[in-house]
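Have a look at the structure below, then the notes.
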Amino acid sequence: MLTKHSGAYQAVYTNADRAEAAALCYAVQECDARDDQSLFKSRVHYYTMSIPVILIFDVGKTNKKLLLFDRQYNVLHEESIQPDEITDEDGFACENLAALTQWIWQQYWKYFTSETYDVQAVNFAAYGASLVHINDFYKPLTPLYNYLKPYPEALKQQFYDTYGGEDLVARETASPVLGSLNSGMQLYRLKYEQPHVYQQTRYSLHLPQYLSFIISSRAASDITSVGCHTHLWDFNIHKYHRWVYEEGMRTKFAPIYRGDNIVHAQNSTRKIAVGIGLHDSSAALIPYLDSVTTPFVLISTGTWCISLNPFNDLPLTGEELRQDCLCYLSYTGRPVKAARVFAGYEHEQEVKRIAAHFNKANNYFTTVAFDAAILNKLQPANMLRGAAFSEKDLTQFATYEDAYHQLIAGIVAQQVHSARLVLTDEVTTIFVDGGFGKNEVYMNMLAAAFPAVEVYAASVAQASALGAALAIEQSWNSQAQHGNLIRLRRY
953 MLTKHSGAYQ
963 AVYTNADRAE
973 AAALCYAVQE
983 CDARDDQSLF
993 KSRVHYYTMS
1003 IPVILIFDVG
1013 KTNKKLLLFD
1023 RQYNVLHEES
1033 IQPDEITDED
1043 GFACENLAAL
1053 TQWIWQQYWK
1063 YFTSETYDVQ
1073 AVNFAAYGAS
1083 LVHINDFYKP
1093 LTPLYNYLKP
1103 YPEALKQQFY
1113 DTYGGEDLVA
1123 RETASPVLGS
1133 LNSGMQLYRL
1143 KYEQPHVYQQ
1153 TRYSLHLPQY
1163 LSFIISSRAA
1173 SDITSVGCHT
1183 HLWDFNIHKY
1193 HRWVYEEGMR
1203 TKFAPIYRGD
1213 NIVHAQNSTR
1223 KIAVGIGLHD
1233 SSAALIPYLD
1243 SVTTPFVLIS
1253 TGTWCISLNP
1263 FNDLPLTGEE
1273 LRQDCLCYLS
1283 YTGRPVKAAR
1293 VFAGYEHEQE
1303 VKRIAAHFNK
1313 ANNYFTTVAF
1323 DAAILNKLQP
1333 ANMLRGAAFS
1343 EKDLTQFATY
1353 EDAYHQLIAG
1363 IVAQQVHSAR
1373 LVLTDEVTTI
1383 FVDGGFGKNE
1393 VYMNMLAAAF
1403 PAVEVYAASV
1413 AQASALGAAL
1423 AIEQSWNSQA
1433 QHGNLIRLRR
1443 Y
């Protein structure tokens, strides 16, 4: 069909993605029907010049980030905010939910209407153990309570006395007893401490799903959020734990989906695929699952150092739970066995003490190279067995380097013990990402402790955000031909 704009259409057709050609053709016909030259120019610009992207919101406890990925998963744009916390009715610090909601909404519309970017999908990664309780009008009823808020001992005792004790519930839900960090316990608390609010609650949404709800207006539960130390999911029967039903709480949770599920945000011009959101730790594992085909363990290092084995679905034992093991659910619903140590926090505190003693800058440790001679001098019998470093008198060390090697030896000893709790015989590779993956002293000691396994420092730019993008790839980027997304260095 020829129109008075057909010449211009042919001129720009070669610059348009073939998948968008039909839409461009329709736009040309629309402009002819309305005889609107300016509309034609804007449509041509949109379909031929804007860059197809996915918009990701990566919401951490401190930093809230927005990222735009192209079809090759390059980050084209990034921005972040660090909003101030507010307090709940008890004076305990908590997220400013109203400000976060407004930021998500404003930024979505900003990029949805951008002439530079063609937003084709949106997804979310956010911290877990946090519930947003919404009413029948889909408005939040309470502050976003902090998962660090102390849990009432009497209510805790009531719960475990009713449902078989701490050990039984922990084994069935594959999670240690963690108080408010078991997010299901937050809803239990709401029922008994604020029954009037509980009665008004239509849905309790984990934070990633609430963020998705802001855009899609579709309430959903995601398997990665429900399956992450919540006390909600019975890993033996693969459904909600019996206490959820006996307390009448099943209806308080929206329908549950895998993490690769999408809904659509519809407006007057087009539909956008909207992911239902992911727990950030589970999202960060996705680039590795996407790129690596052989069994591996990922040690994700930060304040907590978490060893994740997505190839170990053996039930947790009571002893493993007492040693801080737990299970996650991957975005496809598979169990991921995990163990964690508080090693990053220990490192942060002790390097300050060492720096003060030797009159060095707090970040001096970044200049320390691995020295096997120092290590042999300090621990000739067994370099991976050491007492808590905080108990050591620093005057026994001649140099900063000596003290720092001793600190890392102790941290690696903890890490080796923790990782072995989830290791299986078929694992041939260990990846270490985060801060310790950049630490030469740590990586050399860890590699020495696992001589039969290949140990790599791994780096994935924006791992949680990238994982959220990859999870819904089929909805917007099904022809993707991205290369290896992980940068590796073997030790």
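Residue numbers are given in our numbering: position 412 of the sequence shown equals residue 1364, and the series is strictly consecutive.
Where is the CB? At the ideal position from N, CA and C, for every residue including glycine.
- In this structure residue 1142 is in contact with residue 1150, their Cβ atoms being roughly 5 Å apart against a cut-off of 8 Å.
- Residue 1312 carries a coil assignment under DSSP once its states are collapsed to helix, strand and coil.
- Residue 1215 is positioned such that its CB atom lies no closer than 7 Å to that of residue 1177.
- By the C-beta density criterion, residue 1311 is exposed, having fewer than 16 other C-beta atoms within 10 angstroms.
- Contact between the segment 1063 to 1081 and the segment 1225 to 1238 is present: 3 or more CB-CB pairs across the two stretches fall below 8 Å.
- Beta-bridge analysis with DSSP links residue 1204 to no other residue.
- By the Cβ test, the segment 1085 to 1105 is in contact with the segment 1032 to 1044, since at least three Cβ pairs between them sit closer than 8 Å.
- Minimum Cα-Cα distance from residue 1355 among the listed residues 1203, 1158, 1307 corresponds to 1307.
- Beyond the five residues adjoining it in sequence on each side, residue 1206 comes within less than 8 Å, by CB distance, of 1155, 1157, 1161, 1171, 1172, 1173 in the same chain, given in chain order.
- Under the 10 Å beta carbon count, residue 1128 is surrounded by 16 or more other beta carbons and is classified as buried.
- Only residues of its own chain outside the window of five on either side were considered, and among them none has a CB closer than 6 Å to the CB of residue 1324.
- Assignment of residue 1213 by DSSP, reduced to helix, strand and coil, places it in the coil class.
- From the listed residues 1132, 1346, 1034, the smallest Cα separation to residue 1044 is found for 1132.
- Looking at the backbone, the Cα of residue 1121 and that of residue 1433 are separated by about 44 Å.
- Annotation for residue 1424: 1073, 1075, 1212, 1214, 1225, 1227 place their beta carbon closer than 7 Å to its own, counting only its chain and skipping 5 residues before and after.
- Residue pairing of residue 1031 in beta bridges, as defined by DSSP: 1018.
- Beta-bridge analysis with DSSP links residue 1185 to 1192.
- Taking all protein chains in view, the Cβ of residue 1383 is crowded by 16 or more other Cβ atoms within 10 Å, so the residue is classified as buried.
- When secondary structure is reduced to three states using DSSP, residue 1072 falls in the strand class.
- In terms of CA proximity to residue 1388, 1294 leads the group 1405, 1342, 1340, 1294.
- When the Cα atoms are used, residue 1296 and residue 1314 turn out to be separated by approximately 15 Å.
- If the five residues before and after residue 1443 are omitted, its C-beta is found closer than 8 Å to the C-beta atoms of 1395, 1396, 1398, 1399, 1407, 1408, 1409, all from its own chain and listed in chain order.
- Considered as a whole, the segment 1083 to 1171 harbours 1105 to 1114, 1118 to 1125, 1135 to 1145, 1147 to 1152, 1159 to 1168 as its complete alpha helix (DSSP H) runs of no fewer than 4 residues, in chain order.
- Straight-line measurement puts the Cα of residue 1421 at about 12 Å from the Cα of residue 1430.
- Contact check for residue 1078 against residue 1011 passes: the beta carbons are separated by less than 7 Å.
- The three-state reading of DSSP puts residue 1254 in coil, since its state is none of H, G, I, E or B.
- DSSP places residue 1242 in the helix class (H, G or I) of the three-state scheme.
- A straight-line Cα-Cα distance of about 14 Å links residue 1165 and residue 1050.
- Ranked by Cα distance from residue 1002, the first of 1066, 1023, 1046 is 1066.
- Non-local C-beta neighbours of residue 1366 in its own chain, meaning closer than 7 Å and more than five positions away in sequence, comprise 1293, 1295, ordered along the chain.
- Around the beta-carbon of residue 1057, fewer than 16 other beta-carbon atoms lie within 10 Å, marking it exposed.
- Cβ neighbours of residue 1419 within its own chain (closer than 6 Å, five residues either side excluded): 1235, 1236, 1238, 1239.
- For residue 1407, the pairing in a beta bridge is given by DSSP as 1382.
- With a threshold of 16 other beta carbon atoms within 10 Å, residue 1274 falls short and is exposed.
- Just so you know, the alpha carbons of residue 1087 and residue 1147 end up roughly 14 Å apart.
- Each of 1440, 1359, 1415, 1278 was checked against the Cα of residue 1374, and the nearest Cα belongs to 1278.
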